[in-house]
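Read in order, the letters of the sequence shown are residues 565 to 619 in my numbering.
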Amino acid sequence: PCDIFPSKRFYTEDFSEPEIVHSGPGKINAPMEPGAGFTPKLSLLEKYASRSATL
């Protein structure tokens, strides 16, 4: 993405963990895990999905 904002700015519940938070003015801490560094909360995605498909 071009812009990264703290999760709480737009969402009551974040769809991934860990939550994105400011670590200073205009800064966030980059995740240390391999890959994107964030894990989707599948139960929350299922809760708010309007429909789904199985491939």
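Every residue gets a Cβ at the ideal spot worked out from N, C-alpha and C, and that includes glycine.
Counting along the chain, where does the beta strand (DSSP E) carrying residue i start and finish?
i, result
"SER587", "586 to 588"
Just verifying my parser: in three-state terms, what is the DSSP assignment at residue i?
i, result
"GLU577", "coil"
"LYS605", "coil"
"SER571", "helix"
Short of 8 Å in beta carbon distance, which residues of its chain neighbour residue i, apart from the five on each side in sequence? Order them along the chain.
i, result
"ILE592", "ILE568, PRO570, ILE584, VAL585 and HIS586"
I'd like to know whether the C-beta atoms of residue i and residue j end up nearer to each other than 9 Å.
i, j, result
"MET605", "PHE579", "Looking at the sequence shown, residue 605 is not Met but Lys. Yes."
Got a sec? Which residues, its chain only, sit under 7 Å from residue i by beta carbon, not counting five neighbours each side?
i, result
"LEU608", "GLU577 and PHE579"
Identify the residues that DSSP records as bridge partners of residue i: which are they?
i, result
"LYS591", "GLY588"
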